[in-house]
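Taking it in order: structure first as structure tokens, then the write-up.
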Amino acid sequence: MVVNYSSLGQRIRQERQKLNLTQEQLAESADVTTAFIGHIERSERSLSLETLIKISNRLGVTVDYLLSDSYKPRDPQMTEELLQLLDNKSPSQKRALLDIMRTIVKYLPLGEDAQ
């Protein structure tokens, strides 16, 4: 997954300002420094998933919303095919398939192709 940190930072700043939150207030909620929030908003630093979740929770938006326009699948055709394979499956079947995929990925040898 490739994240456009410029778009992500702009969206975080935009949502923070809508709520009239300071960088300091958002930083407190995310357990990071005020300077780090500034770096994120200016796309000078990347952030962990854990921090992104804390920020999205404080802003009252989903992680998906913050990443929209940022997420660029490396292979859109493969992504579409995977979605089609899951389309007619029940929730329990989807969970089982996800567990299987996680296990495969965990033990899959990482080569030049893995990114």
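Residue 253 is where the sequence shown starts when you use our numbering, and the numbers rise one by one after that. Note that CB positions come from ideal geometry on N, CA and C, so glycine has one too. This structure is a prediction, so every number in the text was calculated from the model and none was measured.
Asked                                                                                                : Found
Could you check which residue in A287, L360 and L319 has the C-alpha nearest to that of R297?        : A287
On the three-pair Cβ rule with 8 Å, is the segment 306 to 314 touching the segment 260 to 279?       : yes
Identify the continuous alpha helix (DSSP H) that holds K358 and give its terminal residues.         : P343 to Y359
Using 8 Å as the threshold, is the C-beta distance between L318 and R263 below it?                   : yes
Please list the terminal residues of the continuous alpha helix (DSSP H) segment that includes D316. : V315 to L319
Is K346 closer than 8 Å to L337 when the C-beta atoms are compared?                                  : no
In whole angstroms, give me the CA-to-CA distance for I356 and S281.                                 : 35 Å
Are the beta-carbon atoms of S344 and S295 separated by less than 8 Å?                               : no
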